[in-house]
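Asks: Just passing along the structure, written as structure tokens.
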Amino acid sequence: MNLLQDLLEQPTGDPDGWDAYGDEQQERVGFFTDTSVCIGCKACEVACKEWNLIPEDGRVWTGESYDHTSQLDANTWRHVAFVEQRKPLIGDGNGDGSTGLRWLMESDVCKHCTHAACLDVCPTGSLFRTEFGTVVVQQDICNGCGYCVPACPFGVLDKRHLEATTDPPPAFLGRKEDGRVWKCTLCYDRLKGGHEPACAKACPTKSIQFGPLEELRERADARLAKLEAENWNGAQLYGRDPDDGVGGFGAFFLLLDEPEVYGLPPDPVVTTRDLPEMWTNMLAAAGTLLAGVAALTFLGRRG
Amino acid sequence: MPSLGTSFGRGGATTFQQDLQNADCIVIMGSNMAENHPVGFQWVMEARERGAKVIHVDPRFTRTSAMATKHVGIRAGSDIAFLGGIANYILEHDLYFREYVEKYTNAPVIIDERFVDTEDADGLFSGWDPEAGRYDIESWRYEGMEVHGAAGQRGEGFEPSGEQSGHGAAGGGLHHGEPPAEDPELEHPRCVFQILKRHFRRYTPEFVAETCACSVEDFVEVCETLAANSGRERTSAFCYAVGWTQHTTGVQTIRSAAIVQQLLGNIGRPGGGIMALRGHASIQGSTDIPTLFNILPGYLPMPHTLSYHKLKNFIDSNTSPTGWWGEFKSYWVSLMKAYFGEHATEENDWLFEELPRIDSDNSAYFTVQQMLAGNVKGYIIAGENPAVGHANGKAHRLGLAKLDWLVVRDVVEIESASFWYDGPEVESGELKPEEIPTEIFFMPAAAHTEKDGSFTNTQRLLQWHWQAVEPKEDCRSELWFYFHLGRLIKQRLEDSEEERDKLIKALRWEYPTHSGIREPDAEAVLQEINGWEIESGKFLTGYPELKDDGSTVCGCWIYCGCFKDGINQTARKKPHWEQDSYVAPEWAWAWPANRRIIYNRASADPDGKPWSERKRYVWWDESDGSWTGLDVPDFKEDKEPHYVPPDDAEAEEAIAGGHPFIMQADGRAWLYVPQGLEDGPLPTHYEPHESPFDNPLYAQRANPRRQQNKDLAEDPYNPVADEPGSDVYPYVVTTYRLTEHHTAGGMTRSVPYLAELQPAMFCEVHPDLAREVGLEHGGWATIYTSRSAIEARVMVTDRVRPLQMKDGRTVHQVGLPYHWGKRGLITGDSANDLAHMALDPNVHIQEVKAFTCGIRPGRRPRGPELPKFVAELREQARSRLEASAVEPPTPGRTSRTPSASGGRGEQDPRVESEEARKTSS
Amino acid sequence: MREELHPLSDLNGKPPGTTSWSGSITEAGTEMRSYYGRPIVKEPTWTWEIPTYFFTGGVAGASAVLSSAARVSGNETLARRALYIGTVADLVSPALLISDLGRPERFHHMLRVVKVTSPMNLGSWILLVNGGATTTAAMLQLLGKWKPVRIAASIVAALAGPPLATYTGVLLADTAIPVWHEGRHELPWIFGASAAASAGAAASIFVPPRDAGPARRVAVAGVLAEGALMQAMELRLGKVGEVYHEGEAGKLSWAAKGLSLAGAALLAKRGRKSRASAVLGGALVCAGEVCLRWSVFKAGFQSARDPKYVVESQRGRVEQDGTKATTKPGDSPAPPSRGA
Ligand SMILES: Nc1nc2c(c(=O)[nH]1)N[C@H]1C(S)=C(S)[C@@H](COP(=O)(O)OP(=O)(O)OC[C@H]3O[C@@H](n4cnc5c(=O)[nH]c(N)nc54)[C@H](O)[C@@H]3O)O[C@H]1N2
Ligand SMILES: Nc1nc2c(c(=O)[nH]1)N[C@H]1C(S)=C(S)[C@@H](COP(=O)(O)OP(=O)(O)OC[C@H]3O[C@@H](n4cnc5c(=O)[nH]c(N)nc54)[C@H](O)[C@@H]3O)O[C@H]1N2
Ligand code: SF4
Ligand code: SF4
Ligand code: SF4
Ligand code: SF4
Ligand code: SF4
Ligand SMILES: [Mo]
């Protein structure tokens with residue numbers, strides 16, 4: 066009931082469910098992904114796959130600039146977006162005097178939302194809040210109901226459709242595929258061992274900065290101020306504000322264009338924000354159904 | 013890297029990547045550093061964050077350009093024009109660092125009066141021998157200097173050049189380290205400074221803009237930015253890689269940058285230097301301890317047949333009287349002791365007579381021609397994939413198919429091992445597996461994770477790596493393979509009395525082995541490379557300890573010190589944040605002597621004081637009477653700044669206290685290179701071997717000294733410039749890498765995590781070109797040259813610029829990554845099937861960064877239709893060429909005659925005449 | 291799996307349908323307001339079982355009410371048959387749900403926790419309660435034993451039935467799928483109405499016309515209510531609502547309307563007189579309700595697939611209310627979060 070209370074209150078600070086850790090609670094950590102220094106090397110994508118033993122995600126040439134993995138999904142937990150633009154990086158053309166081009170690159174990842182829809186809606190409790198304030202799928206619990214997939218406002222989670230590598234279901238059920246959902250764990254295993262996440266470790270330019278969230282937010286504010294002073298075009302923080310629709314991202318970004326250009330929703334809202342209202346509404350509908358059917362039945366007896 | 017070698021004394025990057033953070037301006041040119049050296053690029057980003065200007069000059073807008081504060085798009089193959097333009101701008105506007113130029117470079121030196129510049133001979137330097145197709149370099153030397161070859165064998169009729177001069181070519185014949193004639197005022201008309209000024213005078217901003225197809229404003233901005241960020245208080249660095257080297261003028265391009273950096277006073281100083289970004293994990297190591305045919309470890313020259321006779325004249329002609337090359341004999345003898353142990357003695361001339369000799373160019377491309385001619389019996393390919401990675405892949409595959417036997421050692425079955433059953437020529441019917449006589453052995457190699465060893469990285473840093481897992485099954489390390497191969501050969505020859513086997517029998521071939529597979533101990537090899545004193549068995553601490561009397565062993569003199577004190581210095585892994593300065597000397601070990609910035613005495617002024625507080629690095633400590641600073645001083649520790657060598661001084665002793673370039677005979681950086689280069693003492697703009705343009709400067713269109721294969725049917729060339737038929741191949745094509753793949757792709761196309769990141773071969777074209785020929789984004793294109801045709805997915809992007817030329821023409825560039833081949837998880841056509849084999853004369857590097865091509869929409873013809881298609885186009889071009897009656901070029905012509913026939917007026921007899929061009933097509 | 295070549299065609303209004311495109315990718319990047327037209331939210335991974343379950347769950351939930359109400363009102367036949375219909379539906383439902391799982395052998399993990407923030411979790415409990423109660427009642431009915439227990443079970447089933455019939459609306463609404471989340475006000479009502487219609491129609495098929503009067507009324511009223519509610523929802527949805535007129539969702543939506551209205555009309559007009567008409571009418575309404583569930587289901591996929599629905603609705607919101615999701619230079623820095 067704690068959760069419903071939380072929902073009704075719409076708190077903006079701490080991640081839902083985090084306080085349950087009591088003494089074991091750790092400092093909330095996350096990512097500040099600064100796209101203004103991302104060189105699009107995809108080391109993060111590969112490091113993530115290596116560390117987490119993620120299967121290959123298909124070999125499709127998309128023509129979408131240098132991006133051929135296309136999106137976050139069950140088999141891509143870090144994804145680097147590429148957008149070429151006829152726009153200067155800085156001011157009215159300093160970035161590239163002769164062609165006025167810029168090439169935006171952004172390494173996307175699960176946002177580890179303060180109010181995480183995926184976690185809220187998960188019927189099994191497979192998705193849970195860790196002591197670090199992050200959101201993780203427990204692969205031994207997930208039953209592949211798929212509810213978290215459309216619940217995530219960022220389209221992060223997806224079901225893995227591959228032969229199972231571990232824990233195969235009994236054959237009589239006729240399912241061979243993995244069937245569970247997967248996403249970034251913020252390298253929960255590495256955090257537990259006192260290491261930084263694999264993607265951040267691999268990033269050569271510190272585009273992916275890992276650390277205590279509060280510290281990252283301050284760093285991001287300073288960075289935004291610097292880019293503003295240097296007249297960079299389109300610089301903005303995304304998901305930094307604890308007052309946004311998901312209570313602030315645990316992994317937030319500095320972007321150089323509007324979020325949707327990178328495939329991010331411009332105003333994400335945790336779907337469960339409206340849940341109390343939805344439940345109330347449903348109860349009304351249910352009541353009406355009860356009353357209506359009863360009434361119509363009795364009507365018949367009389368008439 | 014003979015360009016850096018001849019300019020500064022050592023053939024390696026002058027600085028290290030971590031130091032780039034101190035730069036006030038970084039020019040990245042001829043490299044796509046962010047994509048190909050992403051980890052080192054963090055220091056460029058760091059500099060940018062600290063306010064440095066980052067300039068990227070590249071035909072394409074790349075991931076590096078995206079990070080730069082300025083990108084200038086230029087025409088591929090026009091770099092010397094651009095850099096020469098910078099030199100001219102600096103000279104014209106008096107923006108050079110006067111004191112540095114005067115004291116630390118050879119600017120004041122007066123040159124022989126017989127020297128004639130290209131500006132006066134329409135594109136040729138004095139000494140051009142049209143018969144031989146090469147230069148006699150006598151007239152290039154310092155005035156008043158006797159002829160003397162150093163670090164080479166000039167005295168014996170063989171000139172040191174290429175890799176042989178890559179490390180410390182010496183001026184030779186200098187008395188106590190000073191050139192005979194100098195003008196400190198830099199005003200003598202024949203002093204280097206004035207020659208330089210005249211040489212680049214025509215490289216005005218307008219000329220640059222026209223030749224490179226950039227804007228005057230952009231160019232001037234680059235010059236101004238560079239100049240504003242150089243001098244006492246500020247420093248600028250250059251980073252380059254193969255965007256510069258892979259041209260028929262590659263070495264001279266780097267020379268141009270060396271000139272600019274000398275004029276600006278940026279060598280040997282923090283935040284300055286020329287960062288040569290090298291390739292494979294240990295490519296620097298593979299020239300230091302070479303896999304090349306013409307040098308031995310530490311850039312010691314491989315004896316030539318012409319110097320067959322005596323050790324004495326070999327030593328004499330390679331010893332410079334002054335500078336560190338004065339100790340040549342110590343390096344040589346110590347190497348022979350490492351090879352042959354007690355078998356090499358003073359009495360038998362350290363076995364000099366038995367050593368194998370080279371007789372001519374035995375580089376890879378030359379060897380392929382020999383294969384095609386049927387002159388090569390067997391071949392070992394290890395750690396290389398020529399069928400995909402070398403220019404003109406088809407010629408390579410056809411050549412390999414003529415061998416008796418071929419050994420391929422690789423971690424995967426690469427195209428060079430499988431071409432005989434799945435190569436493009438099998439598909440086209442040009443090769444039939446059952447008719448190929450070659451017996452091919454594929455030997456699986458252990459990867460770096462499966463063995464101990466060291467890599468010498470791009471900044472001369474030796475870094476040790478340990479085995480993580482045992483190699484699987486039959487996979488074996490290189491060390492294992494060559495050790496046991498040698499062991500078995502020695503075993504077989506044990507009883508041989510043959511003269512020719514003497515040397516092999518004399519080889520020291522004892523290394524401890526371990527584990528079940530009897531893996532040789534890699535550290536034992538490193539110990540031998542470091543060397544020891546024979547009597548005491550003590551490890552040497554550095555090359556000054558080497559002796560010429562056979563009392564020391566050293567496998568590579570420049571690496572001497574890497575096992576100092578019996579400790580594997582290369583295995584040190586103390587991070588910089590646990591050390592005193594960013595220089596982090598306790599992380600691994602750099603040659604020479606663990607120095608990170610070489611020539612760092614130049615970071616202090618002639619008096620030994622830092623040029624400025626902001627840029628202090630190494631300085632003279634008056635109280636201590638020694639050089640000190642953040643790095644290991646690249647100078648004799650106790651040599652005073654005002655030391656003047658006595659008249660009889662030799663070797664290192666002969667270098668004055670104010671001359672930081674201690675490997676050079678005169679202790680200075682060379683703006684002008686009197687010796688050591690094949691194609692001129694100064695860089696000058698030539699067009700690429702294949703380009704759609706004439707040389708705007710001279711009748712001499714391309715580098716006269718470039719190596720071509722005029723008689724080779726397998727290497728036909730496209731008509732160029734306004735030659736009739738050149739319109740069949742009207743576009744400029746350049747090839748390059750992607751972060752997601754590595755070189756010929758054997759290591760990355762087979763890895764799912766990388767394969768999915770760039771899953772298909774593609775070409776990058778500008779929307780205007782797409783419109784012009786009807787290409788659609790996402791569709792297919794066929795790209796063709798006289799050699800072959802390939803297909804690629806089309807990426808229509810503004811990142812590749814069209815070239816607006818002065819004559820109103822718009823010429824388009826086509827960009828091609830070269831990572832694809834027939835095998836692996838993702839397959840595609842190889843860009844190198846399009847390339848030709850004309851080479852830079854100094855280092856025999858192929859010109860894959862600028863040649864010409866045609867392009868049309870759709871997929872290429874399959875099977876036998878493919879060679880037919882290529883031949884038809886070639887025929888088309890040829891018939892146009894034929895239709896315009898061609899006069900043979902007139903050798904020796906000095907003035908430019910515009911030729912109605914379109915003949916290019918090449919003076920080099922080796923340059924393919926139109927006739928030859930026809931027969932070869 | 292992804293298509294071989296992702297069509298860039300939907301970019302910036304360029305004509306769709308071609309695999310390659312004659313513009314430059316740079317031009318596309320400059321103008322695009324989404325990432326190459328790729329979806330922002332993921333389409334659900336659910337397959338045919340889910341919309342089918344919506345139908346069966348609706349039948350089960352509303353049948354429980356119908357059965358109890360009929361019993362109280364003395365219509366034993368209707369009460370019994372509705373009970374059996376509900377039982378069958380209640381037994382089919384979990385099978386469908388389990389079959390849709392990626393790891394069916396772990397279906398019981400649904401019941402590890404009780405979680406009010408998860409409609410699927412609560413729904414599982416509701417289904418368990420309703421299914422258990424209905425089945426118990428039906429068994430006891432068949433056996434004719436333990437009447438008090440049967441009555442208690444029936445009451446429980448009747449109370450759990452309406453939530454079972456309507457929670458699925460919340461289930462869909464509690465996602466980031468634009469057309470579902472924006473339809474959150476109406477969806478439970480629509481599903482309730484549809485459940486009534488389905489249960490009524492099903493009973494009309496299996497109950498002799500004489501006793502099926504209430505069922506027919508419930509069916510007809512359900513169809514009418516549902517039609518009105520759909521209209522209301524589309525009005526509220528605005529632009530996103532267009533998915534109900536496009537593609538598969540559009541076709542299904544028309545089919546739903548046509549079939550259920552025709553069925554309702556038939557039931558109303560001739561259901562009492564002709565058993566055949568009652569069966570046909572009931573079947574038509576049921577078919578219509580299946581289509582309705584499918585059209586809502588498909589509409590969700592369609593609205594997820596095209597990023598414009600996410601971008602446009604959120605942008606609209608941003609323009610009205612501003613957003614805290616982005617912090618632009620000059621925005622007052624956000625306060626540090628509580629606690630941390
Ligand atoms: N990820 C990755 N990293 C690598 C490698 C790899 O294959 N993949 N290879 C390694 C190896 S072996 C090497 S040698 C290095 C090479 O590193 P780089 O030299 O950076 O490699 P390239 O991409 O071949 O070429 C660099 C750039 O030169 C540009 N260019 C082409 N022609 C010209 C020209 O005429 N003038 C100028 N100024 N620029 C030109 C190209 O557009 C390209 O952007 O990278 C090493 N690092
Ligand atoms: N068109 C075009 N052509 C080019 C270039 C270009 O820019 N454009 N660049 C040129 C440059 S700079 C380079 S360096 C070359 C690279 O060309 P290559 O050297 O021919 O290509 P690689 O794929 O790097 O080949 C190295 C091989 O070594 C194998 N290998 C890895 N580790 C080991 C080991 O420990 N032992 C053994 N035996 N094998 C191992 C790998 O699997 C791989 O197949 O390409 C050149 N060709
Ligand atoms: S981004 Fe999506 S998957 Fe990640 S925590 Fe938020 S709701 Fe969950
Ligand atoms: S798919 Fe797995 S993680 Fe997602 S909601 Fe269902 S049980 Fe939870
Ligand atoms: S934190 Fe770990 S799991 Fe998440 S994207 Fe980075 S590497 Fe992958
Ligand atoms: S590793 Fe860092 S720089 Fe490279 S793509 Fe990822 S975020 Fe960008
Ligand atoms: S591949 Fe190795 S050498 Fe190249 S950038 Fe990465 S870490 Fe450095
Ligand atoms: Mo290389």
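Those sequence lines, one after another, are chains C, E and D.
Here this note's numbering is used: position 53 in the first sequence is 118, and no number is missing along the way.
Here this note's numbering is used: position 623 in the second sequence is 635, and no number is missing along the way.
Here this note's numbering is used: position 145 in the third sequence is 435, and no number is missing along the way.
Built from N, CA and C at the ideal position, the CB exists for glycine as well.
Note that the structure is predicted; figures quoted are calculated from it, not measured.
Going by DSSP in three states, D422/E sits in which element: helix, strand or coil?
Replies: D422/E: strand per DSSP, three-state reduction.
Asks: Measure the beta-carbon distance from E149/C to T809/E and round it to whole angstroms, keeping in mind my assumption that it falls under 8 Å.
Replies: 6 Å
Asks: My assumption, with CB atoms under 8 Å, is that G243/E sits in contact with F109/E. Please give the rounded CB distance.
Replies: 6 Å
Asks: Excluding sequence positions up to five away, which residues of its chain have a Cβ less than 7 Å from the Cβ of F345/D?
Replies: S488, E579, V580, R583
Asks: With which residues is A616/E paired in a DSSP beta bridge?
Replies: In the DSSP assignment, A616/E forms a beta bridge with P622/E.
Asks: Against chain C, does A711/E count as a neighbour if the rule is that its beta carbon must be under 8 Å from one of theirs?
Replies: no
Asks: How about T648/D: is its C-beta nearer than 8 Å to some C-beta of chain C?
Replies: In the structure displayed, chain D extends from 291 to 630; residue 648/D sits before or after that span and is not available.
Asks: Using 8 Å for Cβ pairs, my map puts Y796/E next to V860/E. What's the rounded Cβ distance?
Replies: About 16 Å separates the two Cβ atoms, so there is no contact after all.
Asks: Comparing C-alpha positions only, which one of A459/E, V69/E, T81/E, G757/E sits nearest to I92/E?
Replies: V69/E
Asks: Measure how close the beta-carbons of I393/E and V420/E come, nearest whole angstrom, since I'm counting them as under 8 Å.
Replies: 5 Å
Asks: Please indicate yes or no: does the CB of A555/D lie closer than 7 Å to some heavy atom of ligand 3?
Replies: Checking the Cβ of A555/D against ligand 3 gives no.
Asks: Tell me where the beta strand (DSSP E) around K463/E begins and ends.
Replies: First-last for K463/E: undefined, no H or E at that position.
Asks: Could you name the residues of chain E that L166/C contacts, counting a contact when the two beta carbons are closer than 7 Å?
Replies: F73, D810, R811
Asks: Identify which residue in E690/E, R717/E, V812/E, P686/E has its Cα closest to the Cα of H701/E.
Replies: R717/E
Asks: In the DSSP assignment, what residue or residues form a beta bridge with Y8/E?
Replies: Limits of chain E in this structure are 13 at one end and 933 at the other, which puts residue 8/E out of reach.
Asks: Helix, strand or coil for H471/D per DSSP?
Replies: H471/D: helix per DSSP, three-state reduction.
Asks: Helix, strand or coil for M523/D per DSSP?
Replies: helix
Asks: Indicate whether at least one CB of chain D lies closer than 8 Å to the CB of E325/C.
Replies: yes
Asks: Against M773/E, what residues of chain D qualify as contacts under a CB-to-CB distance less than 7 Å, listed in chain order?
Replies: None at all; the shortest Cβ gap to chain D is about 15 Å.
Asks: Alpha carbon to alpha carbon, how far is A349/C from A573/D?
Replies: 29 Å
Asks: Mind pulling the alpha helix (DSSP H) runs of 4 or more residues that sit fully within the stretch 531-565 of chain E?
Replies: 534-542
Asks: Among F275/C, T337/C, L169/C, G95/C, whose alpha-carbon lies nearest the alpha-carbon of L145/C?
Replies: This sequence places Val at residue 145/C; Leu is not what is there. Closest option to V145/C, Cα to Cα, is L169/C.
Asks: Listing by chain order, which chain C residues have their CB less than 9 Å from the CB of A767/E?
Replies: Ordered by position in chain C, the residues that pass the 9 Å Cβ test against A767/E are E121, R124.
Asks: Between P172/E and F20/E, what straight-line distance do the alpha-carbon atoms span, to the nearest angstrom?
Replies: The pLDDT assigned to P172/E is 49, lower than 50, so where the model puts this residue is not dependable; a value taken from the coordinates is nonetheless given after this. If you take the alpha carbons of P172/E and F20/E, they lie about 16 Å apart.
Asks: Using a C-beta cutoff of 8 Å, does W336/D count as contacting chain C?
Replies: So, interface residue.
Asks: Under 8 Å, Cβ to Cβ, is there at least one residue of chain C near R565/D?
Replies: no
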